[in-house]
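Data block below; observations after.
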Amino acid sequence: MSNSNIIDLCSDDEMGESNMKKCTREIEPGFDSASAPSVCPTPISRQFWKAGHYEEKQGQRCKAANPYGKNHMRIHPMFLHSNATSHKWAFGAMAELLDNAVDEIQNGATFVSIDKMSTPRYGTPALLIRDDGGGMDPDAIRRCMSFGFSDKKSKLTIGQYGNGFKTSSMRLGADVIVFSRHLKSRSQTQSVGLLSFTFLRQVGYDKIVVPMVDYEFNSSARTFNPIIPHNEDQFSSNLTMLLQWSPYSTEEELLKQFDDIGDHGTKLVIYNLWLNDDGDMELDFDSHPKDICINGDKALSRMKANQHVANLYQHSLRAYASILYRQLPEYFRIILRGRDVEHHNIASDLKYLQFIKYMPQIHGNMEVEIITAIGFLKEANTHGFNIYHRNRLILPFWRVLRIGTNSTGRGVVGVLEPDYIQPTHNKQDFEKTSLFQKLEDRLKQMTVEYWNKHCTLIGYQQVKRCPSATSRQQEPPYSATQNCADQPSLLNGGSEYKSSRAGLIKKRKDLVDPPVKLQHAKRHNVFCGTDDVQYISEQPENSVEDMMQVSQKILLMQENKKLRLRLLSLDQTVQELNLKVQQLKDELENVSGGTVGAVITQLLLYSGPKFSKQRAFLLWVL
42 MSNSNIIDLC
52 SDDEMGESNM
62 KKCTREIEPG
72 FDSASAPSVC
82 PTPISRQFWK
92 AGHYEEKQGQ
102 RCKAANPYGK
112 NHMRIHPMFL
122 HSNATSHKWA
132 FGAMAELLDN
142 AVDEIQNGAT
152 FVSIDKMSTP
162 RYGTPALLIR
172 DDGGGMDPDA
182 IRRCMSFGFS
192 DKKSKLTIGQ
202 YGNGFKTSSM
212 RLGADVIVFS
222 RHLKSRSQTQ
232 SVGLLSFTFL
242 RQVGYDKIVV
252 PMVDYEFNSS
262 ARTFNPIIPH
272 NEDQFSSNLT
282 MLLQWSPYST
292 EEELLKQFDD
302 IGDHGTKLVI
312 YNLWLNDDGD
322 MELDFDSHPK
332 DICINGDKAL
342 SRMKANQHVA
352 NLYQHSLRAY
362 ASILYRQLPE
372 YFRIILRGRD
382 VEHHNIASDL
392 KYLQFIKYMP
402 QIHGNMEVEI
412 ITAIGFLKEA
422 NTHGFNIYHR
432 NRLILPFWRV
442 LRIGTNSTGR
452 GVVGVLEPDY
462 IQPTHNKQDF
472 EKTSLFQKLE
482 DRLKQMTVEY
492 WNKHCTLIGY
502 QQVKRCPSAT
512 SRQQEPPYSA
522 TQNCADQPSL
532 LNGGSEYKSS
542 RAGLIKKRKD
552 LVDPPVKLQH
562 AKRHNVFCGT
572 DDVQYISEQP
582 ENSVEDMMQV
592 SQKILLMQEN
602 KKLRLRLLSL
612 DQTVQELNLK
622 VQQLKDELEN
632 VSGGTVGAVI
642 TQLLLYSGPK
652 FSKQRAFLLW
662 VL
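Residue numbering for the sequence shown follows the working numbering, beginning at 42 and increasing consecutively.
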């Protein structure tokens with residue numbers, strides 16, 4: 042697939058001579074965009090939620106397409122803004138960029154760094170995100186800059202829609218420049234791409250144009266030379282736009298940004314960061330020198346270092362990043378403003394912890410196994426479930442139950458990872474399917490069951506039982522089951538109510554009197570600190586053995602995943618070493634034969650064992 046088929050580049054044949062001149066015009070202080078000969082020049086609001094509001098002047102409506110041009114759909118630059126509005130929360134956008142780095146673990150990534158920087162041209166604050174993953178070659182970075190292209194087909198990766206980079210970067214700032222270096226076999230490339238809402242709006246484009254340049258390493262000259270797939274004019278025009286609209290004014294300064302990337306990796310610089318409705322920068326870099334917060338958040342003044350993560354994650358990126366992934370390899374680091382983010386396991390904070398197995402049916406009669414850790418988190422004064430998908434937190438402390446006057450469910454917190462339901466594109470919620478609704482109903486029931494059995498352990502009185510079964514049988518079936526929502530029930534009875542009246546009466550009876558088979562179910566207690574940890578299975582028989590097998594499976598799967606990631610890292614190291622060996626061979630081949638012969642002759646004049654290795658090496662090379 043050629044580069045030109047992937048993304049619209051600013052070139053003579055695509056844009057025409059007049060539009061090329063508009064690309065290269067420098068926007069200087071005092072420049073009136075309305076007077077420039079452009080398609081739709083409009084001033085840009087620095088506030089994100091107002092940046093998409095503008096009015097076109099009379100007679101200046103953008104043309105949808107050239108009727109004599111190519112027969113394909115174009116995307117207006119305003120789509121960059123409207124697409125980014127899927128992120129209502131700035132940290133949700135930040136999480137998408139962290140996901141891209143975490144997905145690179147399988148390509149050898151060992152860290153992702155998030156920091157504040159000052160742009161060299163404007164002196165304004167910018168967001169810097171860098172990782173040492175596999176990087177992107179020229180084709181891959183064009184897919185990244187396009188919409189809907191995704192190379193992530195593995196079940197281990199978080200990303201899947203091919204839209205996260207665009208939505209997240211444009212949600213945080215108006216412009217982003219990408220630096221990526223890729224190493225494969227004997228080839229090493231580096232690419233620079235600019236996705237600039239400011240550039241497109243100021244120049245007045247009615248389609249998205251992304252200037253990009255690529256370089257390839259020349260092992261003989263030990264330098265990176267430009268890759269020119271079509272003609273030099275196209276490369277020059279793209280480079281000119283990059284230097285005029287990015288924070289870097291010279292090619293030397295632009296290429297210097299690869300110095301801290303190493304042999305492979307990716308770096309993003311998001312600048313022209315958005316302002317909030319009060320005119321202040323949305324991201325707060327000043328309240329905490331080792332954190333990034335949300336500006337204007339009233340809770341910032343009440344934040345304390347010893348508060349639980351449940352009270353901090355909405356205001357502190359460090360707290361949110363600590364629970365964003367259920368588990369990470371020990372060698373992988375999330376570095377926020379120069380300090381490592383410590384991973385936080387919410388389940389380890391729970392008191393009177395239980396593990397409950399839920400077996401929903403999907404795709405007909407197929408069953409999947411979901412294990413939920415549930416317990417009390419009294420210190421945080423919160424409740425709800427932390428729901429992960431493919432190791433990534435989608436819903437933090439999701440409140441499935443409204444706390445009433447009887448306090449049922451207060452302090453009950455759970456952790457689970459139901460990969461059989463699908464998240465929304467912004468990864469801040471799940472698609473509202475029937476499977477998700479059944480899960481929600483089961484979690485409500487699970488919360489009530491746990492509360493009624495354990496609330497007395499933390500100082501609450503047990504809720505009174507519902508009226509007797511005889512009186513309730515006179516009520517309509519639906520109201521009878523709803524009125525007993527606060528009573529414990531079968532752990533596996535969440536959404537499997539029978540349609541017949543006899544079945545409904547049986548379910549009501551089970552809700553009044555705890556089932557005998559549940560009373561006799563075996564439980565395995567493990568002393569952990571000062572609290573008991575209970576494993577409860579939906580299967581009444583052999584529950585202890587089943588849960589121990591499940592725990593062993595989980596441990597083996599985790600260990601297998603770690604070993605696979607380690608193997609991928611070692612394979613990457615072998616590739617790098619092979620490339621270095623080849624470079625050394627190339628250098629030796631460039632040396633004249635007379636010089637090599639003179640060196641060998643000189644070494645052969647010496648005797649003794651200390652020269653044997655040198656002689657053997659040179660003879661092997663020849």
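Here a beta-carbon is modelled for each residue, glycine too, at the ideal position from N, C-alpha and C.
For clarity, every value in this text was computed on a predicted model and none was experimentally measured.
What is the rounded straight-line gap between the Cα of residue 281 and the Cα of residue 126? As a working note, residue 281 is residue 240 in the sequence shown. As a working note, residue 126 is residue 85 in the sequence shown. Between residue 281 and residue 126, the C-alpha separation is close to 30 Å.
List the endpoints of the continuous beta strand (DSSP E) containing residue 156. As a first step, residue 156 must be located in the sequence shown, where it is residue number 115. Start and end: 152 to 159.
Buried or exposed (CB count within 10 angstroms, at least 16 for buried), residue 317: Start at 1 with the first residue of the sequence shown, and residue 317 comes out as number 276. Residue 317 is buried by the Cβ-count criterion.
Among 378, 391, 355 and 431, which one has its Cα closest to the Cα of residue 332? For this step, residue 332 is matched to residue 291 along the sequence shown. Comparing Cα positions, the closest option is 378.
Would DSSP call residue 430 helix, strand or coil? If you number the sequence shown from 1, residue 430 lands on position 389. The DSSP-derived three-state label of residue 430 is strand.
Hey, could you find the ends of the beta strand (DSSP E) residue 220 is sitting in? In the sequence shown, the residue the question calls residue 220 occupies position 179. Looking at the DSSP string, the run of the beta strand (DSSP E) that includes residue 220 is 214 to 225.
Determine the direct distance from the alpha carbon of residue 213 to that of residue 150, and round the result to whole angstroms. Against the sequence shown, residue 150 aligns to sequence position 109. Against the sequence shown, residue 213 aligns to sequence position 172. The alpha-carbon atoms of residue 150 and residue 213 are separated by roughly 24 Å.
Whole-angstrom distance between residue 132 and residue 226, CA atom to CA atom: Within the sequence shown, numbered from 1, the residue matching residue 226 stands at position 185. Within the sequence shown, numbered from 1, the residue matching residue 132 stands at position 91. Their backbone Cα atoms lie some 37 Å apart in a straight line.
Three or more C-beta pairs under 8 Å: does that hold for the stretch 429 to 439 against the stretch 391 to 399? no
Please list, in chain order, all residues of the same chain as residue 674 whose beta carbon is under 7 Å from its beta carbon, the five residues on each side excluded. Nothing about residue 674 can be reported from this structure: the residues present for the chain run from 42 to 663 only.
Which class does residue 528 belong to by DSSP, given the choice of helix, strand or coil? Position 487 of the sequence shown, counted from the first residue, corresponds to residue 528. Since pLDDT at residue 528 reaches only 37, below the 50 mark, its modelled position is unreliable, and the value read off the structure follows with that caveat. Coil at residue 528, not helix or strand.
Taking the alpha carbon of residue 326 as the point to measure from, which residue in 244, 156, 451 and 488 has its own alpha carbon closest? Residue 326 sits at position 285 when you count from the first residue of the sequence shown. The residue with the shortest Cα to Cα distance from residue 326 is 156.
In three-state DSSP terms, what is residue 298? Here residue 298 corresponds to residue number 257 of the sequence shown, with the count starting at 1. If DSSP states are grouped into helix, strand and coil, residue 298 belongs with the helices.
Cutting at 6 Å between CB atoms, please list the residues of its own chain near residue 35, excluding the five before and the five after it. Given a span of 42 to 663 for the chain in the structure shown, any question on residue 35 remains unanswerable.
Compare the C-alpha of residue 123 against each of 488, 148, 210 and 459 and name the closest. Taking the sequence shown and counting its residues from 1, the one referred to as residue 123 is at position 82. Measuring from the Cα of residue 123, the nearest candidate turns out to be 210.
Tell me the DSSP secondary structure of residue 272 in three-state form. Against the sequence shown, residue 272 aligns to sequence position 231. Coil, per DSSP.
With distance defined between alpha-carbon atoms, name the residue in 624, 223 and 154 nearest to residue 179. Position 138 of the sequence shown holds residue 179. Of the candidates 624, 223 and 154, the one whose C-alpha sits nearest the C-alpha of residue 179 is 223.
Is residue 176 buried or exposed, if buried means 16 or more other CB atoms sit within 10 Å of its CB? Locating residue 176 in the sequence shown gives position 135, counting from the first residue. Per the 10 Å Cβ criterion, buried.
Under a Cβ-count criterion, where at least 16 other Cβ atoms within 10 Å of its own Cβ denotes burial, should residue 529 be classed as buried or exposed? As a position in the sequence shown, residue 529 is number 488, starting the count at 1. Since pLDDT at residue 529 reaches only 36, below the 50 mark, its modelled position is unreliable, and no value is offered.
Using only the alpha-carbon positions, how far apart do residue 14 and residue 451 sit? Only positions 42 to 663 of the chain appear in this structure, which leaves residue 14 out of reach.
If I follow the unbroken beta strand (DSSP E) through residue 320, where does it start and stop? Position 279 of the sequence shown, counted from the start, is the residue given in the question as residue 320. Neither: residue 320 is in no beta strand (DSSP E) and is coded neither H nor E.
Which whole-angstrom value is the C-beta distance of residue 498 and residue 393, which I expect to be below 8 Å? Looking up residue 498 in the sequence shown gives position 457. Looking up residue 393 in the sequence shown gives position 352. With 8 Å as the limit, residue 498 and residue 393 qualify as a contact, their Cβ atoms being about 6 Å apart.
With DSSP as the reference, please indicate the residues paired to residue 231 in a beta bridge. For the purposes of this step, residue 231 is identified with residue 190 of the sequence shown, where counting begins at 1. According to the DSSP secondary-structure assignment, residue 231 is paired through a beta bridge with 222 and 256.
I'd like the span of the beta strand (DSSP E) that includes residue 456, first residue to last. Taking the sequence shown and counting its residues from 1, one reaches residue 456 at position 415. 453 to 457 is the span of the beta strand (DSSP E), which, as asked, contains residue 456.
With a cut-off of 8 Å on the beta carbons, I'd call residue 174 and residue 145 a contact; round off their distance for me. In the sequence shown, the residue the question calls residue 174 occupies position 133. In the sequence shown, the residue the question calls residue 145 occupies position 104. The pair is a contact, with the Cβ atoms about 3 Å apart (cut-off 8 Å).
Have a look at 621, 88, 598 and 612 and flag the residue whose alpha-carbon is nearest the alpha-carbon of residue 319. Along the sequence shown, read from residue 1 onward, the residue named residue 319 stands at position 278. The shortest Cα separation from residue 319 among 621, 88, 598 and 612 belongs to 88.
Which residue from 412, 371, 161 and 489 puts its Cα closest to that of residue 424? Taking the first residue of the sequence shown as 1, we reach residue 424 at position 383. Considering only alpha carbons, the answer is 489.
Smallest Cα separation from residue 415: which of 338, 207, 487 and 129? If you number the sequence shown from 1, residue 415 lands on position 374. Put simply, of 338, 207, 487 and 129 the residue whose alpha carbon is nearest the alpha carbon of residue 415 is 487.
For the putative contact between residue 337 and residue 171, defined by C-beta atoms under 8 Å, what is the C-beta separation to the nearest angstrom? Residue mapping note: residue 337 aligns to position 296 of the sequence shown, counting from 1. Residue mapping note: residue 171 aligns to position 130 of the sequence shown, counting from 1. Residue 337 to residue 171, Cβ: 28 Å. No contact.
Tell me residue 377's beta-bridge partners as DSSP assigns them. As a first step, residue 377 is located in the sequence shown; it is residue number 336 there, counting from the start. Paired residues: 155 and 380.
Coarse secondary structure for residue 468, derived from DSSP in three states: Taking the sequence shown and counting its residues from 1, one reaches residue 468 at position 427. Three-state DSSP puts residue 468 in coil, outside helix and strand.
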